[in-house]
Amino acid sequence: MPTPHNNAKKGDIAKTVLMPGDPLRAKFIAENYLEDAVCYNEVRGMLGFTGKYKGVTVSVQGSGMGVPSMGIYSWELFNEYDVENIIRIGTAGAIADNVQLRDIVIAMSTSTNSAYASQYRLPGTYAPTASWKLLSNAADAAKAKGSTFHVGNILTSDTFYDDADSLAEWRKMGVLAIEMETAALYMNAARAAKNALCILTVSDCPLKGESTSAEERQTSFREMMEIALETAVRL
Ligand code: HPA
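Heads up: the sequence shown at position 227 corresponds to 1333 in the numbering used here, and the numbers run straight through without jumps.
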């Protein structure tokens, strides 16, 4: 059944979905890595494709930016389309000193300033966590590629332009990098008893005022896409 945000029919979407924030990155992956890719969604330009990578059927769909957008699309994939595994691939700002431009960060867990968890009415603070199988597959794939990667806690922020300028506080707690979607993904996965992982490439260092060029972003994005695709193949 199509949803208000997705035209796909049940069965159009694979059990494993890669989700870049930018729908044009989804198109890029479909065109450059998938065989026989078919577009299943164009609603709001949030393109989704299903095809084969090394013989395994995978889908790739944009999530949009921020917790609410990821919240909607990943909830529908898990609960309306029987998706089992979602791997977010995106960019992040470095927070920890040892995280450099173009490094890969695999989010074992995510801290957040979002109120997304309040819907679950828990009597405490929930810790959004990756699925071990996806996490260990991704670490194996990153090792096999020889990538420079870090595994640990990230920050999912509701603000890109943040008046409180609080990254140094998160750095004190060992947080590796900042992005804006993973907490919603990990909570939706937990609530639906499904699997999720976030793999990030560091596009900027807000504390040092550094950022990658468009060309560097493209190259490091390819490295992350390949780690995510290999993670899917290892399932
Ligand atoms: N903040 C939030 N999200 C991001 C950043 C950032 O500095 N860089 C890439 N995604």
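Note that CB positions come from ideal geometry on N, CA and C, so glycine has one too.
According to the neighbour-count rule (16 or more other Cβ atoms, all chains shown, within 10 Å of its Cβ), is Phe1266 buried or exposed? exposed
Tell me the residue span of the beta strand (DSSP E) that contains Tyr1139. From DSSP, Tyr1139 is part of no beta strand (DSSP E) but of the alpha helix (DSSP H) over Pro1129 to Tyr1139.
Rounded to a whole number of angstroms, what is the C-alpha to C-alpha distance between Gly1315 and Asn1113? 41 angstroms
Is it true that the segment 1156-1172 meets the segment 1127-1141, where meeting means three or more beta-carbon pairs spaced less than 8 angstroms apart? yes
Rounded to a whole number of angstroms, what is the C-alpha to C-alpha distance between Lys1249 and Ile1305? 14 angstroms
Excluding the 5 residues preceding and the 5 following Ile1333 in the sequence, name in chain order all residues of the same chain whose CB lies nearer than 7 angstroms to its CB. Ile1210, Ala1244, Ala1247, Ala1248, Lys1251, Ser1253 and Ile1305
Per DSSP, Lys1126 is paired with what? Looking at the sequence provided, one finds Pro at residue 1126 rather than Lys. In the DSSP output, where bridge partners are listed per residue, Pro1126 has Ile1195.
Identify which residue in Ile1260, Val1189 and Gly1230 has its Cα closest to the Cα of Met1214. Ile1260
Proximal residues to Arg1208 (C-beta, below 7 angstroms), its chain only, five neighbours per side dropped: Thr1307, Val1308, Thr1318, Glu1322 and Ser1326
Does the Cβ-Cβ distance between Ile1201 and Ile1284 come in under 8 angstroms? yes
From Thr1262, Ala1270 and Ala1298, residue whose alpha carbon lies closest to that of Thr1288: Thr1262
What do you get for Ser1224, buried or exposed, if any count of 16 or more other CB atoms within 10 angstroms of its CB means buried? exposed
Ile1083, DSSP secondary structure in three states: The structure shown does not extend to residue 1083, since the chain is modelled only from 1107 through 1341, so no value can be given for it.
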